[in-house]
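S.K.: Chains G and C supply the protein sequences, listed in that same order. Residues 1 to 334, numbered by UniProt numbering, are exactly what the first sequence covers, in order. Residues 1 to 334, numbered by UniProt numbering, are exactly what the second sequence covers, in order.
2 protein chains.
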Amino acid sequence: MTDPRLTDTDRLAQAVKTGDRRALARAITLVESARRDHRGEADALLEALAGSGKQAMRIGLSGTPGVGKSTFIEALGCQLTDAGHKVAVLAVDPSSTRTGGSILGDKTRMERLSRQPNAFIRPSPSQTHLGGVARRTRDAVALCEAAGFDIVLIETVGVGQSETIVAEMSDLFVLLLAPAGGDELQGVKRGIMEIADLILVNKADGDLKSTAIRTAADYAGALRLMRKREGDPEVFPKAMTVSALDETGLSEAWAEMQNLAEYRKKTGFWALRRAEQARGWFADEVRQGLLRRLAEDPNAEAAMARLAEDVASGRRAPGSAAADVLQQLDADTD
Amino acid sequence: MTDPRLTDTDRLAQAVKTGDRRALARAITLVESARRDHRGEADALLEALAGSGKQAMRIGLSGTPGVGKSTFIEALGCQLTDAGHKVAVLAVDPSSTRTGGSILGDKTRMERLSRQPNAFIRPSPSQTHLGGVARRTRDAVALCEAAGFDIVLIETVGVGQSETIVAEMSDLFVLLLAPAGGDELQGVKRGIMEIADLILVNKADGDLKSTAIRTAADYAGALRLMRKREGDPEVFPKAMTVSALDETGLSEAWAEMQNLAEYRKKTGFWALRRAEQARGWFADEVRQGLLRRLAEDPNAEAAMARLAEDVASGRRAPGSAAADVLQQLDADTD
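What follows is the structure, given as structure tokens:
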């Protein structure tokens, strides 16, 4: 029975809460939409779902193309759903924002996992810029949590800012690497090493097994030289080997993620970090909202276009020209 | 005789235009001020000086600490002032914004250059964030140009975003490097190689001379492998050796900078790039202005603080909470 007083948004919120995957997919499509009226609906939906208290473990996962990320997620995901977890997989794909093409190439991936009733896989939204993708992915994570998924994997590739963006919406950050010969550390950026909680060297199988073990030891050594994160246990960040192909090391890796999560929950770091992330998103939404109203005021936009040319030709100084635009915006708001 | 109808700002603008170094220093202090009433005065001053048509060659210069940057700037600067140029040296120092300390350590540097009547040296403004330093340095460059300096050197160190920031306010970007043994390219970030117009390997003197020559050849090779910048002559970007100590290679380096500048002026690239930079600054000023009015509305600020806690605790969704803040801002503007 549907209550006729309910709005479409209320109904969608209710359906998401029951864990209905089709409703979840529709809800994510709504938050991904660039249409202005959709934005209002999306905000109402997210507000209706706020305060449910449901929390997933948000795991950020990065690795360069070819490292076996899809195989790893599929293998780990299937183990987790088999163990009774509900697993959602989201993606932040910088290539889809720039070229329209996708490094992650979601369509043909993870067939086995996508057939699990307790799994939900969603490709990266295509947006004109990575900031837009970040906001929409944040919202999608919140929707997955409201739908009762207790593990949300957010995958990305090691390109540009996408790893930082994913780390900022995750509770844990896992870096998947390939076995490497020699002692060079595959040119992994120091900044990425610093945000990783767990480094997994994949392909520890067949001929590459001994190389993988040596690589993991190299990374473990490099991690020890780096400053420990405040509040984490001595043994983290950690480097281990896995084989997504042979499905070995996966439960050990998952056990470490759980250990770290438990530890952080006990010390309060988990909740503190979540609260900080949420405050950051809120500030970001306010900033974006301010910029949006400028874009939506035709007079201010016209003034901006005209003044931009005056500034470009050197006739006007940027600061006082900007003050003129803001005055125009005020005149229109009054 | 001072005209009594002139404002202080008009008088300061006139004094800057005559090239008075003390007036210039006062004007830069004004644009660097974080005080709100100073901001209005600063905008009025910059507006009064806009449209003078005076243009300096803006040279961005980066190099890691210890590469001999100060010695190089002093040697080149003295050669240029001897040749009749008016040379201003500004700095963007990321260390001063974070630690209060300064990598560039301006006070004791460049004594010889600072005694030249045609030179003007200004340390990096200390601000709470690099974005603030960028804006103030941009304004300081405009003031130096209005004061008739025909060469403005903007120096920075190879830390974080500061090189990109400096490149974005420069006509040319010069990278000063130390001689390095072996074929490794000193871990110079690819992004920095891509924005450099000229790489100068310093310390091509004494025992290091042959190493410097080999290093310059290595960089020249690396530069050839990179994509050419559209519109630049075949031979750029270029790598050469200099010795700031022996003062050799300096006039050759300066000749190359002039060649590239002439070429870009002839093709129109110079003016195009300047116009684009100015448009970017203007858009940035508008953005900053929008954020400032939020910070200056006590009711909106209070709403923001309250809602931030609701979002942090998960009771509210970031998007709809942000919409509430913007509504509060509107109510106050009406």
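All residues carry an ideal CB built from backbone N, CA and C; glycine is no exception.
Have a look at the DSSP bridge pairing and note the partners of residue 199(G).
M.R.: Paired residue(s): 175(G), 239(G).
S.K.: For residue 257(C), which of helix, strand or coil comes out of DSSP?
M.R.: The answer is helix: DSSP assigns residue 257(C) an H, G or I state.
S.K.: Counting contacts by CB-CB distance shorter than 9 Å, is residue 291(C) in contact with chain G?
M.R.: Cβ-Cβ to chain G under 9 Å: yes for residue 291(C).
S.K.: Note down the Cα distance separating residue 164(G) from residue 161(C), rounded to an integer number of angstroms.
M.R.: Cα-Cα distance, rounded: 15 Å.
S.K.: I'd like the span of the alpha helix (DSSP H) that includes residue 26(G), first residue to last.
M.R.: 21-32 is the extent of the alpha helix (DSSP H) around residue 26(G).
S.K.: Do the CB positions of residue 209(C) and residue 149(C) come within less than 9 Å of each other?
M.R.: No, these two residues do not count as a Cβ contact at 9 Å.
S.K.: Going along chain G, which residues have a C-beta under 9 Å from residue 294(C)?
M.R.: Those within 9 Å of residue 294(C) in chain G are 286, 287, 290.
S.K.: Would you say residue 158(G) faces chain C, with C-beta separation under 9 Å as the test?
M.R.: No, because no Cβ of chain C sits closer than 9 Å to the Cβ of residue 158(G).
S.K.: At the level of alpha carbons, what is the spacing between residue 153(C) and residue 33(C)?
M.R.: Each residue's alpha carbon lies about 22 Å from the other.
S.K.: Report all residues from its chain with a CB closer than 6 Å to the CB of residue 125(G); omit the five preceding and five following residues, and keep chain order.
M.R.: Around residue 125(G): 32, 133, 136.
S.K.: Are residue 312(C) and residue 276(G) close, meaning C-beta to C-beta below 9 Å?
M.R.: Yes, they are a contact pair.
S.K.: Given that residue 308(C) touches chain G, what residues does it touch there, using C-beta distances under 9 Å?
M.R.: 278, 279, 282, 283, listed in chain order.
S.K.: Any beta carbon of chain C sitting closer than 9 Å to that of residue 107(G)?
M.R.: In this predicted model, residue 107(G) has a pLDDT of only 47, less than 50, meaning its place in the structure is not dependable enough to derive any value.
S.K.: Would the region 243-260 of chain C and the region 63-79 of chain C be scored as touching if the rule is three or more Cβ pairs under 8 Å?
M.R.: They touch, by the three-pair rule.
S.K.: Please work out which residues of its chain come closer than 7 Å, Cβ to Cβ, to residue 15(C), disregarding the five sequence neighbours upstream and downstream, and give them in chain order.
M.R.: Taken in chain order, the residues that qualify are 23.
S.K.: Tell me which residues of the region 254-265 of chain C have at least one Cβ-Cβ distance to chain G shorter than 8 Å, keeping chain order.
M.R.: Per Cβ criterion, the list is empty.
S.K.: Note the first and the last residue of the continuous beta strand (DSSP E) segment covering residue 62(G).
M.R.: Where residue 62(G) is concerned, the enclosing beta strand (DSSP E) stretches over 57-62.
S.K.: Taking only beta-carbon positions, decide if residue 37(C) is within less than 9 Å of chain G.
M.R.: Answer no: the Cβ-Cβ gap between residue 37(C) and chain G never drops below 9 Å.
S.K.: Using only alpha-carbon positions, find the residue among 41(G), 321(G), 18(G), 158(G) that is nearest to residue 190(G).
M.R.: Here the closest residue by C-alpha is 158(G).
S.K.: With 16 other CB atoms within 10 Å as the buried threshold, where does residue 256(C) fall?
M.R.: Flag for residue 256(C) reads buried.
S.K.: Look at the Cβ atom of residue 143(C), then the Cβ atom of residue 172(C), and state whether they are nearer than 9 Å.
M.R.: No, the pair does not count as a contact, with Cβ atoms beyond the cut-off.
S.K.: So with Cβ pairs under 9 Å, would you call residue 183(G) a contact of chain C?
M.R.: Note that residue 183(G) has pLDDT 49, beneath the 50 cutoff, so the model's placement of it is unreliable and the number below is only indicative. Not closer than 9 Å to any Cβ of chain C, the Cβ of residue 183(G) fails to qualify, so no.
S.K.: Can you tell me where the alpha helix (DSSP H) with residue 223(G) in it begins and where it stops?
M.R.: Taken as a continuous stretch (DSSP letters only), the alpha helix (DSSP H) holding residue 223(G) covers 209-225.
S.K.: What does DSSP give as the partner residue(s) for residue 155(C) in the beta ladder?
M.R.: According to DSSP, residue 155(C) bridges with 61(C), 91(C).
S.K.: Flag residue 94(G) as yes if its beta-carbon sits less than 9 Å from any beta-carbon of chain C, otherwise no.
M.R.: Output row for residue 94(G): interface = no.
S.K.: Measuring only from the beta carbon, is residue 165(C) closer than 8 Å to any heavy atom that is part of the ligand HEM?
M.R.: The ligand HEM is not part of the structure shown, which contains no ligands of any sort.
S.K.: So is residue 30(C) in contact with chain G if we call contact Cβ pairs under 9 Å?
M.R.: No, its Cβ sits nowhere closer than 9 Å to a Cβ of chain G.
S.K.: Pull up the distance between the alpha-carbon of residue 107(G) and that of residue 17(G), whole angstroms please.
M.R.: Only weak support is given to the placement of residue 107(G): the predicted model assigns it a pLDDT of 47, under 50, and the question is left unresolved by the model.
S.K.: Chain G beta carbons: is any one of them nearer than 9 Å to that of residue 123(C)?
M.R.: Chain G contact via Cβ: absent.
S.K.: Closer than 9 Å, CB to CB, is residue 326(C) near chain G or not?
M.R.: Chain G, which has a Cβ nearer than 9 Å to the Cβ of residue 326(C), makes this yes.
S.K.: Under 8 Å, with one C-beta from each stretch per pair, do the region 281-297 of chain C and the region 302-312 of chain G reach the 3-pair mark?
M.R.: Yes, the region 281-297 of chain C touches the region 302-312 of chain G.
S.K.: With distances taken Cα to Cα, identify the nearest neighbour of residue 70(C) among 290(C), 5(C), 109(C).
M.R.: Selected option, being the one with the closest Cα: 109(C).
S.K.: Looking at the secondary structure, which residues open and close the beta strand (DSSP E) in which residue 120(C) lies?
M.R.: That run of the beta strand (DSSP E) goes 119-121.
S.K.: Which residues mark the beginning and the end of the alpha helix (DSSP H) in which residue 86(G) is found?
M.R.: Per DSSP, residue 86(G) belongs to no alpha helix (DSSP H) and is neither H nor E.
S.K.: If the cut is a Cβ gap below 7 Å, which residues of chain G does residue 315(C) touch?
M.R.: Near residue 315(C) (Cβ distances below 7 Å), the residues of chain G are 50, 51.
S.K.: On the CB-based measure, 16 or more other CB atoms within 10 Å of its CB, does residue 235(C) come out buried or exposed?
M.R.: Residue 235(C) should be labelled exposed.
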